[in-house]
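> Provided herewith is a single structure, encoded as structure tokens, for subsequent inquiry.
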Amino acid sequence: MTKVKEDSLVKVHYTLRLSDGQQAFSSYDDEALEFSIGDGRVLASFEQELIGMEKGEKKKFVVDAENGYGQRHQDLVITFEKEDLPLEIEFKPGLQIQFPDPDGEYLPGIVRAVTEETVSIDMNHPLAGEVLHFEVELVDVH
């Protein structure tokens, strides 16, 4: 049987849970994730856990914050004047928004606090600071 190695094209189903057991994501609700090992589309720590697996194999593993999306940084919680932001948006805590960067890519942010004049937006990755608990099933490997 073919085992996953560097440059393998893999298809996986996975469930991601946080330390409190809350499910953050599951590909079982949609299509399996397909990517090449080493292409940079998923966490390197996730890829490394797949190395050596065979089609049909299941595995559970944990990725700490440092090897996941990094630690949270308070300096990435930025307060904006409302007048500098699009007026058509109704800002409220928990709202996820995206900002265009100079390269035309979009950066995600989560509204953390709103006052009459300001909006505080957290630009950390939503999973920054989290320990990630994965359950993976290797659907296919080439």
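Here the sequence shown is numbered in my numbering, starting from 1 and rising by one per residue. By construction, the Cβ of each residue, glycine as well, lies at the ideal position given by its N, Cα and C atoms.
#1: May I have the straight-line CA-CA distance separating lysine 58 from aspartate 140, to the nearest angstrom?
#2: Shortest alpha-carbon distance to alanine 24 belongs to which of Val131, His142, Leu138?
#3: State yes or no: is the C-beta of alanine 32 within less than 7 Å of the C-beta of valine 12?
#4: Do you know how far the Cα of phenylalanine 80 is from the Cα of serine 26?
#5: In terms of residue numbering, what span does the beta strand (DSSP E) encompassing glutamine 74 cover?
#6: Of the residues Ala128, Thr2, Glu135, which one's Cα is nearest the Cα of methionine 53?
#7: Between the alpha carbons of isoleucine 89 and glycine 56, how many angstroms are there, rounded?
#8: Using three-state DSSP, classify tyrosine 28 as helix, strand or coil.
#9: In angstroms, rounded to a whole number, what distance separates the CA positions of leucine 9 and threonine 118?
#10: In terms of alpha-carbon separation, which member of His142, His133, Lys5 lies closest to isoleucine 21?
#11: Let me know the secondary structure DSSP gives glutamate 116 once reduced to three states.
#12: Hey, glutamine 98 and isoleucine 110 are a contact pair by Cβ (cut 8 Å); roughly how many whole angstroms apart?
#13: Could you give the distance in angstroms between the alpha-carbon of isoleucine 78 and the alpha-carbon of alanine 128?
#14: Relative to the C-alpha of glutamate 6, which candidate in Arg72, Gly40, Pro86, Gly94 has its C-alpha closest?
#15: Could you pull out every residue in the same chain whose Cβ sits closer than 8 Å to the Cβ of glutamine 71, ignoring the five residues on either side in sequence?
According to the data block:
#1: Stepping through the sequence shown from its first residue, residue 58 is reached at position 58. Stepping through the sequence shown from its first residue, residue 140 is reached at position 140. Each residue's alpha carbon lies about 12 Å from the other.
#2: What you label residue 24 is simply residue 24 of the sequence shown in a count that begins at 1. Answer by Cα proximity: Val131.
#3: Position 32 of the sequence shown holds residue 32. Position 12 of the sequence shown holds residue 12. Yes, these two residues count as a Cβ contact at 7 Å.
#4: Position 26 of the sequence shown holds residue 26. Position 80 of the sequence shown holds residue 80. Looking at the two C-alpha atoms, the distance is approximately 34 Å.
#5: Residue 74 sits at position 74 when you count from the first residue of the sequence shown. Premise fails: glutamine 74 is in no beta strand (DSSP E) and is neither H nor E.
#6: Here residue 53 refers to the residue found at position 53 when the sequence shown is read from its first residue. Residue Thr2 is the option with its Cα nearest to methionine 53.
#7: Translated into positions along the sequence shown, residue 89 becomes position 89. Translated into positions along the sequence shown, residue 56 becomes position 56. The alpha-carbon atoms of isoleucine 89 and glycine 56 are separated by roughly 46 Å.
#8: To locate residue 28, count along the sequence shown from 1; it is residue 28. It is helical.
#9: Here the question's residue 9 lines up with position 9 in the sequence shown. Here the question's residue 118 lines up with position 118 in the sequence shown. Taken atom to atom, the span from the alpha-carbon of leucine 9 to that of threonine 118 is near 47 Å.
#10: Position 21 of the sequence shown, counted from the first residue, corresponds to residue 21. The sequence shown places glycine at residue 21, not isoleucine. Nearest C-alpha to glycine 21: His133.
#11: By one-based count along the sequence shown, residue 116 stands at place 116. Note: glutamate 116 maps to coil in three-state DSSP.
#12: In the sequence shown, residue 98 corresponds to position 98, counting from 1. In the sequence shown, residue 110 corresponds to position 110, counting from 1. About 11 Å separates the two Cβ atoms, so there is no contact after all.
#13: Translated into the one-based positions of the sequence shown, residue 78 becomes position 78. Translated into the one-based positions of the sequence shown, residue 128 becomes position 128. Cα to Cα, isoleucine 78 sits roughly 16 Å from alanine 128.
#14: Position 6 of the sequence shown, counted from the start, is the residue given in the question as residue 6. Put simply, of Arg72, Gly40, Pro86, Gly94 the residue whose alpha carbon is nearest the alpha carbon of glutamate 6 is Gly40.
#15: Within the sequence shown, numbered from 1, the residue matching residue 71 stands at position 71. The answer, listed in chain order, is Ala65, Ala128, Gly129.
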